[in-house]
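Novice:
Numbering (the numbering used here), first residue to last: 10 to 416.
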C-alpha cells in the first residue's frame, strides 16, 4: 500500500492556550481508570503464580506414640518421628514455572491492549466535545447575524422600504437558533460526564480543548502492523504456554522420588543388660511415587495440544478481524478528508453568494428570503465540516488502536 500524507488543521477559538492535550488525558486515564487498574492487578496476580508452581511441595513431618510399646533387643520402642520430602521428576518444576511465566507475560499483553482500547475510548469521547463547542460557537454567531438581519429588516419596514414578512421570517429563524443553542448547552453535561468517568474523576471537572488540533499521519502498509501487536503477542504467548503445559503433563506422568528420615525413641530394658541398651534408632528412607493411573496424564497432554490449536485459530481469526477493521478505518478516515475538502469549497462559495445577495438586498430591498436561506445553508456547511473533523479524528484514534500505536 502506498504511503501518503494528509495534514488537517483546524482552530478552535475561545479556549485556554495552556489547555491539556489529548495525550495528557491519556496519561490521566491510564493512571486512574479502575478497569485498566483491574487488568494490571490480573497481571500482578499471574506473576505470583510463578513461585507457587516452581517450588517444592512442603516436607511432611509425622509423630507417632506407641501405646503398647514394641519390644526390641535393645528396649521397647516408645515413639517414632518421621520427616520426608517428595521430589518431582527432573525438570518438572522448571516446566511449571515456564508455563506460569508465559501466562503472566500474556496477561501483561492483555493489559497493554486494554490500555490502547482505553486511549481510543478517551479520544472517541474527547472529539465530540470539540464538535459540540464548535457548533455552540457557530450557533451563537448565527444568532448575532440573525439579530442584525432583524434590525435591518425592521428598519426598512418602518421606513416603508420592506415588508413585515421579512421581519417575521427572521423571528422564526431566531427562535429556531435559540432553541438549538439551548439543546447544545444541555448536551454538554452527558458528554462531559462520559469523558470524565473514563478518567475516573468528577463528572463536573472542566475539560479543556487545545487551541488548535493538528494531525499529521503517515499511513503505513498493513503487512507490518502485526509485528508487535499486544493482541497477537498475547496469543503467541498462550501458544507457547500450552506447549510448555504439554511438556509439564509428560513430566508429571513420570515417577516422583522421595527421601526421608525416621527417628525411633527406644526405652531401656530393665530385665537384663544388653549392649546398646535403650539406644534410639535412626532410619533413612527412599520412596518412589508410581504414576499407575495414566488416563489423567494422557488427558492433560491432550488438553494442552487442543489449547495450542485453539489459540492458533484465535490468532488467525484476530488477524482477519484486525485487517478488516484496518481497511474500514482507513476508508472512514479518507472519506472524512474528502468531506472536509468539499465543505471547505462549499463554505467559500456559499459565503461568496451570501455577500452578493447582501449587496443586492442593501440596494434593492429584494431577495431577503434568499439571504436568510443562504445564511442557514452556510451555517449547515460549517456544522457539517465540524462533524467531519470530529469523525476524522475519531477514525484516526481507531486506526491508532488497531495498529497498537505506542505513545
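Backbone N, C-alpha and C define an ideal beta-carbon position, used for all residues, glycine too.
#1: What did DSSP end up calling residue 224 once you bin it into helix, strand or coil?
#2: Excluding the five sequence neighbours on either side, which residues of its own chain have a C-beta within less than 8 Å of the C-beta of residue 175, listed in chain order?
#3: Of the residues 98, 394, 95 and 290, which one's Cα is nearest the Cα of residue 356?
#4: Could you give the DSSP three-state label for residue 268: helix, strand or coil?
#5: Pop quiz: residue 261 and residue 306 are said to be a contact at Cβ under 8 Å. What is the actual Cβ separation, rounded to whole angstroms?
#6: How about residue 286 and residue 79: do their beta carbons lie closer than 8 Å?
#7: Hey, would you say residue 334 sits closer than 8 Å to residue 411, going by beta carbons?
#8: Determine the direct distance from the alpha carbon of residue 75 to that of residue 90, and round the result to whole angstroms.
#9: Closest by CA to residue 113, which one among 53, 36, 309 and 198?
#10: If you compare alpha carbons, which of 77, 345, 291 and 35 is closest to residue 130?
#11: Which of helix, strand or coil does DSSP assign to residue 74?
#12: Residue 67 to residue 106, Cα distance in whole Å?
#13: Pick out the complete alpha helix (DSSP H) segments inside the stretch 151-231, 4 residues or longer, and give them in chain order.
#14: So the beta strand (DSSP E) residue 450 belongs to, where does it begin and stop?
#15: Tell me which same chain residues have a C-beta within less than 8 Å of the C-beta of residue 264, skipping the five on either side of it?
#16: Name the DSSP bridge partner or partners of residue 96?
#17: Specify the secondary structure class of residue 90 as computed by DSSP and reduced to three states.
#18: Out of curiosity, what's the CA-to-CA distance linking residue 268 and residue 314?
#19: Alpha helix (DSSP H) containing residue 318: first to last residue?
#20: Do residue 45 and residue 39 count as a contact pair if the criterion is CB distance below 8 Å?
#21: Given this structure, state the Cα-to-Cα distance separating residue 191 from residue 200, to the nearest angstrom.
#22: Can you name, in chain order, every residue of its own chain whose Cβ lies under 8 Å from the Cβ of residue 289, other than the five neighbours on each side?
Specialist: Considering the structure as presented:
#1: Its pLDDT being 49, under 50, residue 224 is placed unreliably by the model, and the measurement read from it follows with that caveat. Note: residue 224 maps to strand in three-state DSSP.
#2: Non-local beta-carbon contacts of residue 175 in its own chain, meaning distances under 8 Å to residues more than five positions away in sequence, involve 162, 165, 166, 377 and 378 in chain order.
#3: If we check each option's Cα against that of residue 356, 394 comes out closest.
#4: DSSP places residue 268 in strand when its eight states are reduced to three.
#5: Contact flag correct, Cβ pair sits at about 6 Å.
#6: For residue 286 and residue 79, no; Cβs fall outside 8 Å.
#7: For residue 334 and residue 411, yes; Cβs fall inside 8 Å.
#8: If I take the Cα positions, the gap works out to 11 Å.
#9: Comparing Cα positions, the closest option is 53.
#10: Closest option to residue 130, Cα to Cα, is 35.
#11: DSSP places residue 74 in strand when its eight states are reduced to three.
#12: When rounded, the distance between both Cα atoms is 17 Å.
#13: The DSSP assignment places 173-207 as complete runs of the alpha helix (DSSP H) inside the stretch 151-231, in order along the chain (cut-off: 4 residues).
#14: Residue 450 cannot be examined here, being either before or after the span of the chain that is shown, 10 to 416.
#15: So the qualifying residues of the chain are 98, 297, 298, 299 and 300.
#16: 266.
#17: Strand, per DSSP.
#18: Their Cα atoms are separated by approximately 34 Å.
#19: Per DSSP, residue 318 is one residue of the alpha helix (DSSP H) stretching across 304-373.
#20: Closer than 8 Å, so yes.
#21: Between the alpha carbons of residue 191 and residue 200 lies a distance of about 15 Å.
#22: Closer than 8 Å at the Cβ level, and outside the excluded window around residue 289, lie 272, 273, 274 and 275.
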